[in-house]
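Respectively, the protein sequence lines represent chains E and F.
Be aware that the first sequence starts at 1393, since it is given in the numbering used here, and climbs by one per residue.
Be aware that the second sequence starts at 1393, since it is given in the numbering used here, and climbs by one per residue.
Structure first, commentary second.
There are 2 protein chains.
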Amino acid sequence: MQIKNGFEQSVYAICLLSMLPAKSVLPGEAISNQIGASPTYFQKILRKLSDSDLIASVPGKKGGFKLKKSPSEIRIYDIFLAIEGQQALYYSNNVLGEMVPKKDKEACVLSDLMERAETSWITVLKSETISSLFTELHKEKELQDWVNQNLVQ
Amino acid sequence: MQIKNGFEQSVYAICLLSMLPAKSVLPGEAISNQIGASPTYFQKILRKLSDSDLIASVPGKKGGFKLKKSPSEIRIYDIFLAIEGQQALYYSNNVLGEMVPKKDKEACVLSDLMERAETSWITVLKSETISSLFTELHKEKELQDWVNQNLVQ
DNA sequence: GATAAACAGGATAATCATTATCCTGTTTAT
DNA sequence: ATAAACAGGATAATGATTATCCTGTTTATC
Ligand code: SF4
Ligand code: SF4
C-alpha cells in the first residue's frame, strides 16, 4: 500500500507554479522534465489538478499551466484529494457483513474506527497549504531562476 | 491506493480467535473459509500475524492457530503493522531533493507534514483494541457457535 | 513405526492497479 | 497555414497484490 507517486510530484509541480509571475504559464513538458516524470503521464496528472480547479490550463501556442488559486488557498489535502480521490486510505470489503448480518442501525465498529483515523489524517493534511509549507523553498534562487527561464508569455 | 484487504480479514480472523476457549485452536483452513479468503493465501497472512506475535501457530495434527496476546492487548494498529509494515501510507520519493539539494540540517517540509499525518492516523488505530472494538460482536451467537463447531482439541 | 492433518516457507502464476506511450482532435500565437 | 501547446481516448508496460503449488516439518492417532 502506497500513496501514488503522483501526489508528491503534484505538490512540487504546484510549488513551481506558485513561483510564476502573474500572466505567465509553465508548459507541462517543462514541469515534467524538472520533476523527472514521464511527460505524457504527467500531463494526465496535471489534468487531474486542473479538474479539481487547483490549476488552470491555457491551450494553444504559448499555452501551459498556472495556478487557479493562491498558494495560501491550496491545502496539501486538496492535492491529495485531486490525485487519490476520496476514501483513499481504506474502505471496508464487508468481511464481517458476510459473517454476521448486522441490524441496520448498528454502525460497523471497524469502519467507524478507520473513518476516524482517516479523518484525523485528513485534518493534518488540511492544516498546511502550499504557502505555509514552502515559505523556505521559495527563497531558493535556483528554482526561481529555472521558473523564469521556462515560463511563457 | 488502498490498504490491503488482508488487513480487514486479519481483524476478523483475530476476532474469531478471541472467541476460542483456552487450550483450543482453529485450523487455518476453517478460518479462511469463514472469512471467504483463499486458504493458501490466507495461511501466509496468518503467518504474518504469527511473526508479529499476535497469534501462535500449533503445528501437527490437531494443530491450528490461537491468540498469543489477550484481546485487550491487541491494538488495531498492531494488526495494521503486521500486515502493511511500517511507513505504509507514505514515503518520499525525493522529488524535491532532486530539484533543490537542501542543507543537511533542514528537514523536508512535506515529509514532516506527511509524518505528522501518519502519526495522527496511527494514534487513532492505537486507541482501540480487539476487545474494545468487538464487545458487541462477541454477543453474536451464530459466530460463537461456528467457533465451537470448528475448534480443535 | 506408519499415516493423516496441520503449519512453514520457497517458487511461481494470475490478477489488478499504476505508470507510460501513442494518436487524434482542439486551441491559439505567429 | 503552421507550430506549439492542452484534451482525452485507447492501449501497452510495469509493478504490487493475490492465489496456487509443492516440498518439508511437526504431532496425534492407529
Ligand atoms: S462490520 Fe464494518 S468493517 Fe466489518 S465487514 Fe461489515 S462493514 Fe466492513
Ligand atoms: S523535500 Fe522532502 S518530501 Fe520533498 S523530495 Fe525531498 S525528501 Fe521528499
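Just so you know, even glycine gets a beta-carbon here, dropped at the ideal spot from N, CA and C.
Straight-line Cα distance separating residue j from residue i
i, j, result
"residue 1501 of chain F", "residue 1526 of chain E", "7 Å"
"residue 1408 of chain F", "residue 1522 of chain F", "10 Å"
"residue 1474 of chain E", "residue 1404 of chain F", "32 Å"
"residue 1535 of chain E", "residue 1423 of chain F", "56 Å"
"residue 1542 of chain F", "residue 1432 of chain F", "18 Å"
"residue 1468 of chain F", "residue 1532 of chain E", "43 Å"
"residue 1430 of chain F", "residue 1437 of chain F", "11 Å"
"residue 1545 of chain E", "residue 1477 of chain E", "33 Å"
Contacts that residue i makes with chain F (C-beta to C-beta distance below 8 Å)
i, result
"residue 1508 of chain E", "1516"
Selected residue, minimal CA-CA separation from residue i, among the options
i, options, result
"residue 1479 of chain E", "E/1439, E/1394 and E/1511", "E/1511"
"residue 1417 of chain E", "E/1453, E/1465 and E/1485", "E/1453"
"residue 1419 of chain F", "F/1456, F/1482, F/1448 and F/1545", "F/1456"
"residue 1434 of chain E", "E/1397, E/1462, E/1411 and E/1469", "E/1397"
"residue 1517 of chain E", "E/1466, E/1461, E/1413 and E/1440", "E/1466"
"residue 1446 of chain F", "F/1430, F/1437 and F/1459", "F/1459"
"residue 1399 of chain F", "E/1425, E/1487 and E/1471", "E/1487"
"residue 1507 of chain F", "E/1545, E/1507 and E/1515", "E/1515"
Cross-chain neighbours of residue i in chain E, by beta carbon under 8 Å
i, result
"residue 1539 of chain F", "Correct list: empty, because the minimum Cβ distance to chain E is about 11 Å."
"residue 1484 of chain F", "1400"
CB contact below 8 Å: residue i versus chain F
i, result
"residue 1526 of chain E", "yes"
"residue 1433 of chain E", "no"
"residue 1420 of chain E", "no"
"residue 1425 of chain E", "no"
"residue 1436 of chain E", "no"
"residue 1471 of chain E", "no"
"residue 1522 of chain E", "no"
"residue 1441 of chain E", "no"
"residue 1502 of chain E", "yes"
is_contact[residue i, chain E] using C-beta, thresh 8 Å
i, result
"residue 1542 of chain F", "no"
"residue 1446 of chain F", "no"
"residue 1480 of chain F", "yes"
"residue 1394 of chain F", "yes"
"residue 1406 of chain F", "no"
"residue 1410 of chain F", "no"
Neighbour list for residue i in chain F, Cβ cutoff strictly below 7 Å
i, result
"residue 1465 of chain E", "The contacting residues do not exist; residue 1465 of chain E stays about 17 Å from chain F at best."
Interface partners of residue i on chain E, CB under 7 Å
i, result
"residue 1450 of chain F", "Here the premise fails: no neighbours, minimum Cβ distance about 23 Å."
Can you list, in chain order, the stretches of the alpha helix (DSSP H) that have 4 or more residues and sit fully within the region 1446-1516 of chain F? 1468-1476 and 1487-1491
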